[in-house]
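Quick notes on the structure that follows.
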Ligand SMILES: Nc1ncnc2c1ncn2[C@@H]1O[C@H](COP(=O)(O)OP(=O)(O)OP(=O)(O)O)[C@@H](O)[C@H]1O
Ligand SMILES: [Mg+2]
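Numbering (our numbering), first residue to last: -19 to 221.
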């Protein structure tokens, strides 16, 4: 079951060099930018592992952030059809509940949102290739969705290798690495500018990916604050229908 690109006139699949590198923060900023364009924007997190009980409700903070940054009024269940309690690899979190992740409903959830939205921002899970069940991983999901990929590079030692491995994997799946964002996860990282220059050169020249920006470590990484670090011209190119 493929997501016909006509379903999502505009959209992207946000992946990262690892877990906890800023995919949700960047996805929320992208959704906010889409809203500033007057578009109906929808965030989608196909699978979320890690629920917290807040005021008697089980919530996932990624799902909540994407829902709040979407301009369409969405429920948590629309943003994420497959939430699991344990904060661990998704197929393990599912097993802990005696469940399995069903792949096709993840695509259907994206179809349903794309049918209502002008722009769909899908946040991946962890890095690019995370197992979902015995047959599928998150790269299969990205492939079936067919959206351009945005790579969030968590800036720390080792990120060049992770960024290039991810870029190669995106290409091997027949997808376009449309853009990348450098996000500060280690404010003490030395030679940040030299690393960014290398990423610009390699991801730009070899993969054609647009550099969307370098996000500083922010006291409060709201969608607006993160968006202030992203390049409007790059965003226009990313979301050009
Ligand atoms: N630029 C930043 N400045 C300050 N805090 C940040 C920044 N980027 C991310 N964070 C914080 O770092 C943590 C991880 O970021 P985020 O949740 O966006 O990562 P992720 O890649 O989506 O993680 P996951 O793999 O769990 O989905 C969060 O607490 C987030 O608020
Ligand atoms: Mg996240």
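Where is the CB? At the ideal position from N, CA and C, for every residue including glycine.
Item                                                                                                            : Value
Nearest to residue 26 (by Cα), restricted to the options 189, 118, 37                                           : 118
Enclosing alpha helix (DSSP H) for residue 5 [first to last residue]                                            : 3 to 16
beta-carbon residue -1 near ligand 1 non-hydrogen atom, thresh 7 Å                                              : yes
Selection from 211, 203, 86, 96 that minimises the alpha carbon distance to residue 52                          : 96
Closer than 7 Å: residue 4 CB and nearest ligand 1 heavy atom                                                   : yes
4-residue-minimum alpha helix (DSSP H) runs that sit fully inside the region 48 to 115, ordered along the chain : 56 to 59, 70 to 76, 83 to 96
Touching by the beta-carbon criterion (3+ pairs, under 8 Å), the region 77 to 85 and the region 115 to 129      : yes
Burial state of residue 136, where buried means 16 or more other Cβ atoms lie within 10 Å                       : buried
Rounded separation between residue 93 and residue 114 - CA only                                                 : 27 Å
Residue burial classification, residue 141 (beta-carbon count within 10 angstroms, cutoff 16)                   : exposed
For residue 33 and residue 3, the rounded distance between their alpha carbons                                  : 23 Å
Touching by the beta-carbon criterion (3+ pairs, under 8 Å), the region 172 to 186 and the region 198 to 209    : no
Proximity winner among -2, 9, 21, 17, relative to residue -9 (alpha-carbon distances)                           : 21
Helix, strand or coil at residue 202 according to DSSP, with G and I counted as helix                           : coil
Backbone secondary structure at residue 146 - three-state DSSP                                                  : helix
C-alpha gap between residue 175 and residue 158, whole angstroms                                                : 19 Å
As assigned by DSSP and simplified to three states, the class of residue -14                                    : Confidence in residue -14 is poor, its pLDDT being 45 and thus under 50, which makes the residue's placement too unreliable to answer from.
Short Cβ contact (8 Å threshold) for residue 207 with residue 12                                                : yes
Beta-carbon separation (whole angstroms), residue 161 vs residue 192, contact threshold 8 Å                     : 5 Å
Opening and closing residue of the beta strand (DSSP E) in which residue 164 lies                               : 157 to 164
Coil, strand or helix - residue 134 by DSSP                                                                     : strand
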